[in-house]
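Report on the following structure.
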Amino acid sequence: MREGLLRVELSGEDGVAVLSPLGALVPSTYTRMRDVLLKTVLAQPTAVVVDLSDLTVDRDTAASVFHGVWTQVADWPGVPILLAAPPHPVDWSLPSYATVQDALAAVGAPPTRWVVRAPLPLRGSCGFARLLAEQTCRVWKLTGISDEAADIADGLVGLAARGIRPTVVFEWWRGRLVVGASEDALVPCDPLDLRYAAMGANRCGWSTTWSDGTLMWAVLNA
184 MREGLLRVEL SGEDGVAVLS PLGALVPSTY TRMRDVLLKT VLAQPTAVVV DLSDLTVDRD
244 TAASVFHGVW TQVADWPGVP ILLAAPPHPV DWSLPSYATV QDALAAVGAP PTRWVVRAPL
304 PLRGSCGFAR LLAEQTCRVW KLTGISDEAA DIADGLVGLA ARGIRPTVVF EWWRGRLVVG
364 ASEDALVPCD PLDLRYAAMG ANRCGWSTTW SDGTLMWAVL NA
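So in my numbering, the last one in the sequence shown is 405, and the numbering has no gaps at all.
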């Protein structure tokens, strides 16, 4: 995982992902750090610990990238981001600890999530996504947002599907319904198209995945 002046190593311990960036976190490597952190959070480990002990940082860039990713994922998936061994005191706006072990010890139990993940047929995938949204909302007693969920599932699958392996995802946690669509391909996404597809949602997002695929999602409050 090399790009420019930044390399990021990924390891894990007891369901927690540990990112160890090496090099410099400066404006030219901001995007690299952001993308790696976002993909790691979206894989939904129990938490993500970022080990800063071997990182040279530009304070403004570092604070911006970690806060920016957390702002994007706080509603979903809400995976905690913990910083370990910062090189000097900074108002990180995220929990920070003296060592990686201290950060790991602070990780609590993950919240309960209800999840439905279903592969879609290559033909008529949007229609099937609508039906699954309606059925899921009925089973989870979320009929008040069933129509919005169906419209968003239709729209996101329409953006993401490329005839390879489209999948629709529904997740219920902490009073929020998440509707997602994934594809095993890198699918470019225009922000305006995404916002239109997710109309009625509180928040929406797009990211590549560790399997070189694409995930689009939207969050609805029940």
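Every residue gets a Cβ at the ideal spot worked out from N, C-alpha and C, and that includes glycine.
Exposure label - residue i; buried when at least 16 CB within 10 Å
i, result
"Pro228", "buried"
"Glu366", "buried"
"Met184", "Confidence at Met184 is low in this model, with a pLDDT of 44, below 50, so the placement of that residue should be treated as unreliable; the coordinate-derived value is given next. Exposed, since its Cβ has fewer than 16 Cβ neighbours within 10 Å."
"Pro204", "buried"
"Thr223", "buried"
"Arg215", "buried"
"Thr350", "buried"
"Val248", "buried"
"Ala281", "exposed"
"Ala286", "buried"
"Pro260", "buried"
For residue i: DSSP bridge partner residues
i, result
"Ala268", "Answer by DSSP bridge pairing: none, since Ala268 is not bridged."
"Cys387", "Ala401"
"Pro204", "Val191"
"Glu366", "Thr397"
"Ala301", "Val351"
"Trp356", "Arg359"
"Asp234", "Ala267"
"Ser279", "Leu266"
Short Cβ contact (8 Å threshold) for residue i with residue j
i, j, result
"Leu303", "Ala312", "yes"
"Val231", "Ala267", "no"
"Gly383", "Ile335", "yes"
"Asp258", "Leu208", "no"
"Val352", "Arg300", "yes"
"Leu188", "Gly206", "yes"
"Val340", "Ser308", "yes"
"Gly358", "Ala405", "yes"
"Ala364", "Ala343", "yes"
Nearest-angstrom Cα separation, counted from residue j out to residue i
i, j, result
"Asp330", "Arg296", "22 Å"
"Val199", "Thr239", "24 Å"
"Glu186", "Trp323", "Caution applies to Glu186, whose pLDDT of 46 falls short of 50 and renders its modelled position unreliable; the value that the coordinates give is listed next. When rounded, the distance between both Cα atoms is 44 Å."
"Thr244", "Trp400", "26 Å"
"Asp237", "Val191", "10 Å"
"Leu220", "Gln318", "33 Å"
"Thr392", "Thr326", "31 Å"
"Leu315", "Ala333", "8 Å"
"Leu403", "Leu377", "15 Å"
"Ile264", "Asp197", "15 Å"
"Ile328", "Val362", "12 Å"
"Cys372", "Leu360", "22 Å"
"Ser417", "Arg345", "Nothing can be reported for residue 417: it is not among the residues displayed for the chain, which extend from 184 to 405."
"Pro293", "Gln255", "19 Å"
"Leu277", "Val370", "31 Å"
"Trp355", "Thr397", "21 Å"
"Tyr139", "Val262", "It is not possible to answer for residue 139, since the shown part of the chain is limited to 184 through 405."
"Leu202", "Pro270", "16 Å"
"Ala246", "Ser194", "23 Å"
"Gly388", "Gln284", "31 Å"
"Val298", "Cys320", "12 Å"
"Arg217", "Pro210", "11 Å"
"Ala288", "Pro374", "38 Å"
"Ala368", "Leu235", "32 Å"
"His250", "Gly310", "37 Å"
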